[in-house]
Amino acid sequence: MLIKLADLPALREKHKGKKIILAGGAYDILHQGHIDYLRDIKALGDILVVALKSDAEI
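Residue numbers (the numbering used here): 3 to 60.
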């Protein structure tokens with residue numbers, strides 16, 4: 003699912019009581035290390051939100 007930063011408060015409200023994990027980064031050319039990292043941090047909570055950097059930011 004894709005959401006905008008402005009929609010995060012609504013996501014938190016909808017999933018009250020659930021642990022939301024936020025991972026930010028530049029995943030340009032996604033590789034196995036990224037997948038392992040995201041899988042590992044997802045295990046720390048109920049919902050994983052991944053914030054992606056734009057090409058201009060990296």
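Positions of the beta carbon are idealized from the N, C-alpha and C atoms, including for glycine.
Measure the alpha-carbon distance for glycine 35 versus isoleucine 43 and round it to whole angstroms.
12 Å
Spatial distance of isoleucine 23 from lysine 55 (CA atoms):
17 Å
Test item: CB-CB of leucine 50 and alanine 25 under 8 Å:
yes
Run through the DSSP bridge pairs and tell me what glycine 27 is partnered with.
Beta-bridge pairing links glycine 27 to Leu54.
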